[in-house]
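Note sheet for the following structure.
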Amino acid sequence: MNNCSLGGMKPAEFRQHGKEMVDYIVDYLENIHRRRVVPAIEPALFPTVFEHSSKCIDAIDTGNSFPSILADMISDALGCMGFSWAACPAMTELEIIMLDWFGKMIGLPPFETFGAYFECNFVSLLAARFEVLKELRQRFPFVEEGLLMSKLVAYCSKEVSCTI
Numbered sequence: 001m002n003n004c005s006l007g008g009m010k011p012a013e014f015r016q017h018g019k020e021m022v023d024y025i026v027d028y029l030e031n032i033h034r035r036r037v038v039p040a041i042e043p044a045l046f047p048t049v050f051e052h053s054s055k056c057i058d059a060i061d062t063g064n065s066f067p068s069i070l071a072d073m074i075s076d077a078l079g080c081m082g083f084s085w086a087a088c089p090a091m092t093e094l095e096i097i098m099l100d101w102f103g104k105m106i107g108l109p110p111f112e113t114f115g116a117y118f119e120c121n122f123v124s125l126l127a128a129r130f131e132v133l134k135e136l137r138q139r140f141p142f143v144e145e146g147l148l149m150s151k152l153v154a155y156c157s158k159e160v161s162c163t164i
C-alpha cells in the first residue's frame with residue numbers, strides 16, 4: 001500500500017490527517033460547551049465553494065478514498081441533524097443547492113426550485129392532492145370538493161420524514 005493513492009492522498013498523508021482529525025474531534029467534543037448554540041453566521045456558505053468546483057461529477061471522490069474517510073469521521077463526530085438552517089447551516093445550504101440542481105436537471109424554471117426537503121415534501125403532497133382531486137371531480141362531478149377532500153388519506157411508512 002506504500003505507493004497507492006486513494007482520492008489523491010498518499011497513505012502517509014492520510015495517516016497524518018487522520019491523527020489530526022482525531023485530535024480535532026476530541027478537542028471539539030471536549031469544548032462543545034463553549035460553543036454558541038446558534039451559529040453567528042449568515043446564510044450563503046456554499047455558493048462560492050461550488051461555483052469553483054468541478055462540473056464533472058466523476059471528479060468527486062466518494063466511497064473508499066482517503067479524503068472520503070476523513071470526511072466521514074468529521075461528519076460522524078458532529079452528528080448533525082439538519083432540521084433547520086440554524087441547526088446545521090452547512091447541511092441546509094448544501095441541501096438547497098442540491099435541490100436547485102435537481103430542479104434544473106428536470107427542467108423546472110428557477111422560481112419553482114425548492115428551498116429545502118420539507119418544501120419538496122409539501123409541494124409533492126399538494127401536487128398529489130391536486131391530481132387526485134382532478135380525477136375525483138371527473139368521476140363524481142356533483143360531489144362538493146370539501147367532501148372529496150375529507151376522504152383523502154396519505155399513507156407512509158414508519159421511516160417517513162418528520163415533515164410529513
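Quick note: the sequence shown, position 138, residue 138 per our numbering, numbers continuous.
Where is the CB? At the ideal position from N, CA and C, for every residue including glycine.
DSSP state of residue i, grouped into three classes?
i      : result
Met9   : strand
Ile32  : helix
Asp58  : Because the pLDDT at Asp58 is just 49, under 50, the model does not fix this residue reliably, and the point stays unresolved.
Lys19  : helix
Pro141 : coil
Met81  : coil
Pro110 : helix
Val160 : coil
Lys104 : helix
Lys165 : Because the chain here runs from 1 to 164, residue 165 falls outside it and cannot be looked at.
Leu152 : coil
Pro67  : helix
Pro89  : helix
Ile96  : helix
Ile25  : helix
Val123 : helix
Ile74  : helix
Ala40  : coil
Assuming residue i and residue j form a contact by the criterion Cβ under 8 Å, report the distance between their Cβ atoms to the nearest whole angstrom.
i      : j      : result
Leu133 : Leu148 : 6 Å
Arg129 : Leu152 : 6 Å
On a CA-only basis, which of the options is nearest residue i? Give me that one, please.
i      : options                      : result
Ala90  : Lys19, Val143, Glu20, Pro39  : Pro39
Cys88  : Arg129, Ala127, Ile41, Ala71 : Ile41
Ser150 : Arg15, Trp101, Leu136        : Leu136
Ala154 : Arg35, Leu126, Phe14         : Leu126
Glu225 : Arg36, Pro67, Gly8           : Lying outside 1 to 164, the shown extent of the chain, residue 225 is not represented and no answer is given.
Ala77  : Met105, Tyr28, His33         : Tyr28
Val37  : Pro110, Pro11, Cys80, Ser65  : Cys80
Ile69  : Leu94, Lys104, Val22         : Val22
Ser65  : Phe142, Pro11, Arg139        : Pro11
Within 10 angstroms of its Cβ, does residue i collect 16 or more other Cβ (buried), or is it exposed?
i      : result
Ile96  : buried
Glu144 : exposed
Phe14  : buried
Met9   : buried
Glu30  : exposed
Glu159 : exposed
Glu131 : exposed
Any contact of the region 68-75 with the region 116-129, i.e. 3+ C-beta pairs under 8 Å? no
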